[in-house]
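Numbering (the working numbering), first residue to last: 2 to 347.
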Amino acid sequence: MLQVRDLRTQFATDGGIVKAVDGVSFDLYPGESLGIVGESGSGKSMTALSILRLVPDPGRIVHGQVLFHDQDLLQLTGEEIREIRGRDIAMIFQDPQSSLNPVLRTGFQVDEAMLAHGRPRAQARARTIELLKKVRIPAAESRYKDFPHQLSGGMRQRAMIAMGLSNAPSILIADEPTTALDVTVQAQILELLADLNRELGTAIMMITHNMGVVAGLCTRVLVMYAGEIVEQGPVEQIFEKPQHPYTWSLLKSIPRVDALRHERLRSIEGLAPDLLHPPSGCRFHPRCPFRIEKCFTDEPRLEDVGPDQRAACWVTMDRARSEMGADKLIDIRPGAASGVHPGELL
């Protein structure tokens, strides 16, 4: 249904070119729930904005294709892409507080999403009330008239989901939809999205930094780092047997209820790279405990590492486990397992 091919989005700054999205390719299938996960600044939100051609200035999509039912969205006119936004592909933004207009009634704002695509006002109002009920906002008829500040954070996010569903899109992009919500409300929002995915057959693209969210909602996951996809595959497979050291590190940093009391949480050493001056070779090598000399000079490409699983790495976790004892590793500083440090290569 949606095919992204070699997508590249760049920002021209005084210091140089920032490659925010650098050669991203993936497919989204009908009715699928796909997770895109990574740290802040990894390019996951910018990938979504690029798909809908909503990249803010001074950003530019410089290369690639976004094929929706074999139609390249990057080649459409402004009017043509506006017809697709909201009608065929909708997006829920991460902060409903800033996404909703504070001086317009919430129900009217949901109406507007339908009015923009030609639905009569009376039909739009009836559809809005139906959607507010579907997203489990109590007393939908009276809440229709409320202003955003009169709703709780969870209700505002539900209203945004209703807005996204108003034109029955085939794809719903959810950008960090549970940010700033308490744990109970987060669970309710994720349950709601899962129900909508099952009942309506809407394909969901979930953008998050939270691996727990991916585990609870998605069937397939893309892991992004520094503007690139470093691993992709079925969620169960990625969680059970990650092959990229970055994915492995992300999973190791999640608290476990079955962990021993004396076990320390593992953090990923170092900082995400400066995309103005990304490191040569593998972009994760400055933080990787399993790096080898090749990682400093040669950039890996996505290769098959299992059934429907691909990773861009010279030292997959299978190799790190067999040759470097990865699962027993306590010291996960850069180069700790391989003993390869930058100074040794000079």
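Glycine included, C-beta positions come from ideal geometry on N, C-alpha and C. Fair warning: this is a prediction, and the values are worked out from it, not measured in the lab.
Start and end of the beta strand (DSSP E) containing residue i?
{"i": "K146", "result": "From DSSP, K146 is part of no beta strand (DSSP E); its letter is neither H nor E."}
{"i": "Q310", "result": "310 to 312"}
{"i": "D71", "result": "Counting along the chain, D71 falls outside any beta strand (DSSP E), and DSSP gives it neither H nor E."}
{"i": "L35", "result": "34 to 38"}
{"i": "G307", "result": "304 to 307"}
Please classify residue i: does DSSP put it in a helix, a strand, or coil?
{"i": "R199", "result": "helix"}
{"i": "L251", "result": "helix"}
{"i": "M206", "result": "strand"}
{"i": "A337", "result": "coil"}
{"i": "F94", "result": "coil"}
{"i": "L105", "result": "coil"}
{"i": "I190", "result": "helix"}
{"i": "G155", "result": "helix"}
{"i": "G87", "result": "coil"}
{"i": "G79", "result": "helix"}
{"i": "Q244", "result": "coil"}
{"i": "G24", "result": "strand"}
{"i": "D7", "result": "strand"}
{"i": "M2", "result": "coil"}
{"i": "I162", "result": "helix"}
{"i": "I239", "result": "helix"}
{"i": "L116", "result": "helix"}
{"i": "R267", "result": "coil"}
{"i": "V63", "result": "strand"}
Can you tell me where the alpha helix (DSSP H) holding residue i begins and where it ends?
{"i": "G16", "result": "Neither: G16 is in no alpha helix (DSSP H) and is coded neither H nor E."}
{"i": "F297", "result": "294 to 298"}
{"i": "A354", "result": "Residue 354 lies beyond the residue range present for the chain, which begins at 2 and ends at 347; the question has no answer from this structure."}
{"i": "M225", "result": "Not the alpha helix (DSSP H): M225 falls in the beta strand (DSSP E), residues 221 to 226."}
{"i": "P235", "result": "Segment 229 to 235 is the beta strand (DSSP E) holding P235; no alpha helix (DSSP H) there."}
{"i": "D176", "result": "Careful: D176 lies outside any alpha helix (DSSP H), inside the beta strand (DSSP E) at 172 to 176."}
{"i": "R288", "result": "From DSSP, R288 is part of no alpha helix (DSSP H); its letter is neither H nor E."}
{"i": "E131", "result": "122 to 135"}
{"i": "S46", "result": "45 to 52"}
{"i": "M212", "result": "212 to 218"}
Comparing alpha-carbon positions, which option in the options lies nearest residue i?
{"i": "P103", "options": "G87, G336, K146", "result": "K146"}
{"i": "A321", "options": "L116, S250, F12, P274", "result": "S250"}
{"i": "R6", "options": "V341, F69, A227, N198", "result": "F69"}
{"i": "E84", "options": "Q95, L53, S100", "result": "L53"}
{"i": "S51", "options": "Q4, D309, S167, M212", "result": "Q4"}
{"i": "S43", "options": "R144, A273, P178", "result": "A273"}
{"i": "I205", "options": "G213, L218, Q187", "result": "L218"}
{"i": "E40", "options": "K242, E324, G228, V316", "result": "G228"}
{"i": "Q238", "options": "G65, D112, M161, D309", "result": "D309"}
{"i": "V67", "options": "L105, T180, D28, I138", "result": "D28"}
{"i": "D275", "options": "T180, A21, V38", "result": "A21"}
{"i": "T107", "options": "Q95, L55, L77, M161", "result": "M161"}
{"i": "G24", "options": "L303, D73, P59, K329", "result": "L303"}
{"i": "L201", "options": "L132, V38, L116", "result": "L132"}
{"i": "P31", "options": "D112, Q72, A49, P170", "result": "P170"}
{"i": "D112", "options": "K134, L101, R128", "result": "R128"}
{"i": "V341", "options": "D319, D328, K295", "result": "K295"}
Does the beta-carbon of residue i have 16 or more other beta-carbons within 10 angstroms, so that it is buried, or is it exposed?
{"i": "G336", "result": "buried"}
{"i": "A123", "result": "exposed"}
{"i": "D89", "result": "buried"}
{"i": "Y226", "result": "buried"}
{"i": "L35", "result": "buried"}
{"i": "E80", "result": "exposed"}
{"i": "G165", "result": "buried"}
{"i": "P57", "result": "exposed"}
{"i": "P149", "result": "buried"}
{"i": "L152", "result": "buried"}
{"i": "T78", "result": "exposed"}
{"i": "T185", "result": "exposed"}
{"i": "T298", "result": "exposed"}
{"i": "S167", "result": "buried"}
{"i": "P121", "result": "exposed"}
{"i": "P348", "result": "Limits of the chain in this structure are 2 at one end and 347 at the other, which puts residue 348 out of reach."}
{"i": "L347", "result": "With a pLDDT of only 32 at L347, under 50, the local geometry of the prediction cannot be trusted, and no value is derived from it."}
Just to confirm my understanding: we take residue i, look at its own chain, exclude 5 residues before and 5 after, and list those with CB closer than 8 Å. What are they?
{"i": "S254", "result": "L266, R267, S268, I269"}
{"i": "G271", "result": "P287, R288, P335"}
{"i": "D305", "result": "R311"}
{"i": "L277", "result": "T14, G16, G17, I18, V19"}
{"i": "T220", "result": "E33, S34, L35, P235, V236"}
{"i": "G307", "result": "G234, Q238, K242, Q244"}
In chain order, what residues of the same chain lie with their CB nearer than 6 Å to the CB of residue i, ignoring the 5 residues before and after it?
{"i": "V231", "result": "V224, H245, Y247, A313"}
{"i": "D183", "result": "none"}
{"i": "S323", "result": "none"}
{"i": "G154", "result": "L182"}
For residue i, which residues of its own chain have a beta-carbon under 7 Å away from its beta-carbon, when the five flanking residues on both sides are left out?
{"i": "E300", "result": "G282, C283"}
{"i": "S46", "result": "D176, I208"}
{"i": "Q357", "result": "A question about residue 357 goes unanswered here, because the residues of the chain that appear run from 2 up to 347."}
{"i": "V136", "result": "R159, I162, A163, L193"}
{"i": "A216", "result": "V236, F240"}
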